[in-house]
Amino acid sequence: DAGITQSPRHKVTETGTPVTLRCHQTENHRYMYWYRQDPGHGLRLIHYSYGVKDTDKGEVSDGYSVSRSKTEDFLLTLESATSSQTSVYFCAISAGQANSPLHFGNGTRLTVT
Amino acid sequence: DQQVKQNSPSLSVQEGRISILNCDYTNSMFDYFLWYKKYPAEGPTFLISISSIKDKNEDGRFTVFLNKSAKHLSLHIVPSQPGDSAVYFCAASAGNNDMRFGAGTRLTVKP
Chain A
61 DAGITQSPRH
71 KVTETGTPVT
81 LRCHQTENHR
91 YMYWYRQDPG
101 HGLRLIHYSY
111 GVKDTDKGEV
121 SDGYSVSRSK
131 TEDFLLTLES
141 ATSSQTSVYF
151 CAISAGQANS
161 PLHFGNGTRL
171 TVT
Chain B
25 DQQVKQNSPS
35 LSVQEGRISI
45 LNCDYTNSMF
55 DYFLWYKKYP
65 AEGPTFLISI
75 SSIKDKNEDG
85 RFTVFLNKSA
95 KHLSLHIVPS
105 QPGDSAVYFC
115 AASAGNNDMR
125 FGAGTRLTVK
135 P
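Residue numbers (my numbering), protein chains in the order written: chain A, 61 to 173; chain B, 25 to 135.
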């Protein structure tokens with residue numbers, strides 16, 4: 061297994077509260093990604109990072125921000141959680157070469173009530 | 025817009041038979057295609073990939089076929105085993121960092 065740890069694994073929060081999800085890798089990979097998985101949509105890219113302090117938006121970035129202060133950590137923040145952000149969130153990493161697969165963590169199940 | 029589509033939400037096959045999972049895409053810029061397998065409460069795991077310069081790639085019981093003119097790829101599993109029961113995601117990339125995924129097909133292999 062690629063060394064990817066997501067925390068927490070489960071989180072229940074109330075609408076309007078801030079939430080931060082953490083992804084930690086031990087592979088020293090340059091690229092890190094946050095995806096969300098929803099029924100009928102598969103996995104959709106939220107944000108990704110191509111280096112420390114270098115991030116960019118994905119397909120569904122509204123309502124989310126990210127930060128990467130160290131190679132090994134990539135944080136996803138919901139500034140003010142909404143019920144539409146109830147989902148399973150997956151972190152992924154890749155070495156970054158063209159046409160290299162992503163390796164995923166085991167996910168964080170977030171419920172916004 | 026869903027650029028990668030898996031039109032069959034589920035598939036059931038008998039152990040030992042062939043499983044065929046299908047995927048269609050709309051973006052002609054995609055040049056790298058992958059299949060991932062996902063068990064409950066785990067993250068997707070990479071299974072097999074194919075570059076657009078090929079039309080077939082084989083790895084043990086798993087074979088991926090690519091038909092560029094039809095913008096279609098398929099994953100064949102022969103012979104299917106009960107441990108293959110999982111959700112399979114098709115994915116595609118245009119060489120950038122925005123890998124697109126289909127909605128997934130749940131495969132059930134019956135003993």
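Idealized CB from N, CA, C, for every residue including glycine.
If you're wondering where the values come from, they're calculated on a predicted model, not measured in any experiment.
Under a CB-based cut-off of 8 Å, is residue i close to chain B?
i      : result
A:P161 : yes
A:F150 : yes
A:G100 : yes
A:F134 : no
A:N166 : yes
A:E87  : no
A:Y124 : no
A:E139 : no
Let me make sure I understand the geometry here. Which of the options has the alpha-carbon closest to that of residue i?
i      : options                       : result
B:N51  : B:R130, B:F125, B:V133        : B:F125
A:E139 : A:A152, A:R128, A:T80         : A:T80
A:Q97  : A:D114, A:T171, A:C83, A:F150 : A:F150
B:S109 : B:G119, B:M123, B:N91, B:T132 : B:T132
B:S76  : B:K62, B:M53, B:Y60           : B:M53
B:H100 : B:W59, B:P33, B:S34           : B:W59
B:V37  : B:P103, B:Q26, B:Q30, B:D48   : B:P103
A:L162 : B:F113, B:R130, B:A65         : B:F113
A:T75  : A:T142, A:Y95, A:D116, A:G111 : A:T142
B:G136 : B:K92, B:P135, B:N31, B:D83   : Since the first and last residues shown for chain B are 25 and 135, residue 136 of chain B lies out of range.
So residue i and residue j are in contact, right, with Cβ under 8 Å, and what is the actual spacing, rounded?
i      : j      : result
A:T171 : A:V72  : 5 Å
A:P99  : A:T137 : About 24 Å; that fails the 8 Å criterion.
A:R104 : A:V120 : 5 Å
B:T129 : B:P33  : 7 Å
B:F57  : B:I74  : 5 Å
B:A118 : B:D55  : 6 Å
Can you find a CB in chain A that lies within less than 8 Å of the CB of residue i?
i      : result
B:P103 : no
B:P64  : no
B:Y56  : yes
B:G126 : yes
B:G40  : no
B:N121 : yes
B:S98  : no
Give the range of the beta strand (DSSP E) segment to which residue i is assigned.
i      : result
B:K61  : 56-62
A:N159 : Neither: A:N159 is in no beta strand (DSSP E) and is coded neither H nor E.
B:A116 : 110-117
A:K113 : Unbroken run through A:K113: none, as it is neither H nor E.
B:N91  : 86-91
B:I44  : 43-49
B:E82  : 80-83
A:R90  : From DSSP, A:R90 is part of no beta strand (DSSP E); its letter is neither H nor E.
Just list the residues that DSSP pairs residue i with in beta bridges.
i      : result
A:L135 : A:R82, A:S127
A:V172 : A:T73
A:R104 : A:R96
Please confirm if residue i has its CB atom under 8 Å from at least one CB of chain C.
i     : result
B:G84 : This model lacks chain C altogether, as its protein chains are A and B.
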